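0 is the number of the first residue of the sequence shown in numbering that gives the first Met the number 0; add one for each residue after it.
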Amino acid sequence: MSIQRTTILKPLCLLGPLLLADPVAAEDAKEQSLYERLGGLAAIAVVVDDFINVMVVDDTLNANPAIDAARKAVPAPYLKYHVTSMVCQATGGPCAYTGRSMEEAHSHLNITQAEWQRMVQLLRGTFNKFEVPEQEQEELLQIVYSTKSAIVKSAEEPAAETE
Numbered sequence: 000m001s002i003q004r005t006t007i008l009k010p011l012c013l014l015g016p017l018l019l020a021d022p023v024a025a026e027d028a029k030e031q032s033l034y035e036r037l038g039g040l041a042a043i044a045v046v047v048d049d050f051i052n053v054m055v056v057d058d059t060l061n062a063n064p065a066i067d068a069a070r071k072a073v074p075a076p077y078l079k080y081h082v083t084s085m086v087c088q089a090t091g092g093p094c095a096y097t098g099r100s101m102e103e104a105h106s107h108l109n110i111t112q113a114e115w116q117r118m119v120q121l122l123r124g125t126f127n128k129f130e131v132p133e134q135e136q137e138e139l140l141q142i143v144y145s146t147k148s149a150i151v152k153s154a155e156e157p158a159a160e161t162e
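Put into structure tokens, the structure is as follows:
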């Protein structure tokens, strides 16, 4: 499976520097949607698949009883489908996310700031594993952070917040 992931994402990572070497190509790259720069639906689905696999077994997240119960009740493939379609749509792709709102999907989970930060840490690790370029990582994280107020509901706050 790692060969398939590498096959899908490596060309995207290798093309970036080549495109930026040519001013005309660099201009074209700026006009591409984030979806296109990420490599489209296949590349997004591979990264989401890995991220969900890492997240659903994370001891820190599953220490929250509500998250642990949700992990047992919601099949990972269902979650992967919805996250993939949401990322596809949010990055300018052709998908239409039809799931619940972020608040509706997460309010009962009592997600804390520390749990949010752990999820972001896992997400960054997945981005790095697949060599998602830094600019695209930052744009994706901006999208993720735009959902934070709808997801983090617990009053528990760590001493210092980092994004």
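Backbone N, C-alpha and C define an ideal beta-carbon position, used for all residues, glycine too. Just so you know, these numbers come straight off a predicted model, no measurement behind them.
C-alpha distance - Val131 paired with Glu102, whole-angstrom precision: The alpha-carbon atoms of Val131 and Glu102 are separated by roughly 28 Å.
Using alpha carbons as the reference points, say which of Ala89, Tyr96, Ala95, Ile150 lies closest to Gln116. It is Ile150 whose Cα lies nearest to the Cα of Gln116.
Assign Thr97 to buried or exposed, taking buried as 16 or more other Cβ atoms, counted over all protein chains shown, within 10 Å of its Cβ. Label assigned to Thr97: exposed.
Going by DSSP in three states, Val151 sits in which element: helix, strand or coil? For Val151, the three-state secondary structure derived from DSSP is strand.
Using only alpha-carbon positions, find the residue among Glu133, Thr90, Asp67, Pro76 that is nearest to Leu108. Residue Asp67 is the option with its Cα nearest to Leu108.
For the stretch 117-136 against the stretch 64-80, do three or more pairs of beta-carbon atoms, one drawn from each stretch, fall closer than 8 Å, so that the two count as touching? The stretch 117-136 is not in contact with the stretch 64-80.
From Arg36 to Ala104, what distance separates their C-alpha atoms? Rounded to whole angstroms, Arg36 to Ala104 spans 28 Å at the Cα level.
For Lys79 versus Ile110, is the C-beta spacing smaller than 8 Å? No, the pair does not count as a contact, with Cβ atoms beyond the cut-off.
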